[in-house]
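Beneath this line is the structure, given in structure tokens, with notes to follow.
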Amino acid sequence: MSNNEALRPPEFPPPPCADLDWNGLDFSVRNVNGHIESHYTVASGRWTEPKLVKNRMLNVDGLAVGLHYGQQVFEGMKAYRAPSGQINIFRVESHASRLNHSCETVSIPPPPYEHFYQCVCLAVAENAVYVPPHDANACLYIRPLIFGSGPQINNLPSLEYTFCVFVHPIPSLYGLAPLDAVILEHFDRAAPMGTGSAKVGGNYAPIFKWQQEAKSKGFGLLLHLDSKTRTAIDEFSTSSFVGVKNSDGATTLISPDSASVMKGVTSKSVFTLAEHFGWNFEIRPVRYEELEDFDEVMACGTAAGVASIKTITCLGDNRKFQYEKGRKDDYKCRERMASALQSIQRGLVPDDFEWC
Ligand code: COI
85 MSNNEALRPP EFPPPPCADL DWNGLDFSVR NVNGHIESHY TVASGRWTEP
135 KLVKNRMLNV DGLAVGLHYG QQVFEGMKAY RAPSGQINIF RVESHASRLN
185 HSCETVSIPP PPYEHFYQCV CLAVAENAVY VPPHDANACL YIRPLIFGSG
235 PQINNLPSLE YTFCVFVHPI PSLYGLAPLD AVILEHFDRA APMGTGSAKV
285 GGNYAPIFKW QQEAKSKGFG LLLHLDSKTR TAIDEFSTSS FVGVKNSDGA
335 TTLISPDSAS VMKGVTSKSV FTLAEHFGWN FEIRPVRYEE LEDFDEVMAC
385 GTAAGVASIK TITCLGDNRK FQYEKGRKDD YKCRERMASA LQSIQRGLVP
435 DDFEWC
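Here is the structure:
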């Protein structure tokens, strides 16, 4: 049997493994069947055939450009199990195009779509027993990663690249309880005209310590303002900002138009569903002051799902925006949206938008 035949997905996925407590999952790292690897050299201009590596360990040169200069990009995607047992991977194409944008930002040769698709499908197929049962509040998280793996002292793009696809079963990032968010006032996530729209590690690590500080003060999430004027909303540190306004029977979803935010695949899907529900959506600059006018706020992201925001606090000017407002229909839009999206991802309704 050739390596390719060995890696070909089975006709029908095996059931979830029996030794995991699917509704009690946490974020601790566990072993799965392995990850997929493919390699690229500038000299060959080609990605190698994907290979299953049966552990998480990488054989990395200590002078790899990815380690020293941050030449790396990643993605976050999800796979769910439908009631039939079939596995749905959500919006591979949209994630591939965002990955390509991230690659271009840090001078990594983007993998062709077919190659990306093949690597992602193989990673899921080889780990199909780790796709949770269809009724568990969990999914298989898919983490594609590409980094400059060639050695270099000079600060030039790598001449070699490693593409990996890791997978891991996870619960929902924030659970079901509405979140208290706080505005990060003393640090900018991304410079104007900088790397904010790319999914690169450099947009995440500098936030860790602020996230931990916020957590110690009781906040679950950070919200970033635009770094040029500090008068507009950019995004949450893990997800897109989507505000909801209800007036005269019309519902409008509003999300910031900013060159410094990541193009959210979840928020894009939310806007498509909003249109389908007969709601309006606007992608435009959102002023800080406008936080007062929203009836609901959601944090939309792959890991976050469609999470509800209870409050947003700005410690500097001592303001707290509340989104509960004591109404009986609290989180009505969010709940409808989260349920519609999950029903598609979990194969409970027809996939009319061809997302899976
Ligand atoms: C994702 O939602 O996929 C992300 O990469 C965010 C990360 C903080 C888990």
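In our numbering, the protein residues as written are 85 to 440. C-beta atoms are modelled at their ideal positions from N, C-alpha and C, and glycine is treated no differently. Since the structure is predicted, the reported quantities are computational estimates derived from the model, not experimental observations.
Test item: CB-CB of residue i and residue j under 8 Å
{"i": "Val345", "j": "Glu319", "result": "yes"}
{"i": "Met277", "j": "Leu357", "result": "no"}
{"i": "Ala274", "j": "Thr322", "result": "no"}
{"i": "Val443", "j": "Val157", "result": "Missing from the structure shown is residue 443; the chain here goes from 85 to 440 and no further."}
{"i": "Ile173", "j": "Cys440", "result": "yes"}
{"i": "Leu306", "j": "Gln296", "result": "no"}
{"i": "Glu244", "j": "Gly259", "result": "no"}
{"i": "Val204", "j": "Val176", "result": "yes"}
{"i": "Val137", "j": "Ser242", "result": "no"}
{"i": "Gln155", "j": "Gly108", "result": "no"}
{"i": "Trp106", "j": "Ala261", "result": "no"}
{"i": "Asp341", "j": "Ser311", "result": "no"}
{"i": "Asn139", "j": "Gly118", "result": "yes"}
Where the beta strand (DSSP E) through residue i begins and ends
{"i": "Arg165", "result": "161-165"}
{"i": "Asn172", "result": "171-173"}
{"i": "Glu366", "result": "364-367"}
{"i": "Gly234", "result": "No beta strand (DSSP E) contains Gly234, which DSSP labels as neither H nor E."}
{"i": "Glu380", "result": "380-385"}
{"i": "Arg445", "result": "A query on residue 445 cannot be resolved here, the shown segment of the chain reaching from 85 to 440 and no further."}
Cβ distance (whole Å) where residue i is taken to contact residue j below 8 Å
{"i": "Leu224", "j": "Pro253", "result": "6 Å"}
{"i": "Leu147", "j": "Ile237", "result": "7 Å"}
{"i": "Trp131", "j": "Phe247", "result": "7 Å"}
{"i": "Ala212", "j": "Ile267", "result": "Contact doesn't hold; Cβ gap of about 42 Å is too wide."}
{"i": "Gly348", "j": "Cys398", "result": "Contact doesn't hold; Cβ gap of about 23 Å is too wide."}
{"i": "Lys329", "j": "Asp377", "result": "6 Å"}
{"i": "Leu337", "j": "Phe355", "result": "7 Å"}
{"i": "Leu263", "j": "Lys135", "result": "Not confirmed; about 40 Å, so no contact."}
Residue i, enclosing alpha helix (DSSP H) - first and last residue
{"i": "Met421", "result": "416-429"}
{"i": "Phe158", "result": "Looking at the DSSP string, Phe158 is not in any alpha helix (DSSP H); the run it does join, the beta strand (DSSP E), is 156-158."}
{"i": "Thr350", "result": "349-361"}
{"i": "His152", "result": "149-153"}
query: If you scan the stretch 162-229 from start to end, which runs of the beta strand (DSSP E) of 3 or more residues do you find wholly inside it?
result: 171-173
field: Cβ contact (3+ pairs, closer than 8 Å) linking the stretch 306-318 and the stretch 360-373
entry: yes
query: Taking three-plus beta-carbon pairs below 8 Å as touching, is the stretch 192-199 in contact with the stretch 118-137?
result: yes
query: Can you list, in chain order, the stretches of the alpha helix (DSSP H) that have 4 or more residues and sit fully within the stretch 272-326?
result: 292-300
At least 3 beta-carbon pairs within less than 8 Å: the stretch 158-165 vs the stretch 418-432: yes
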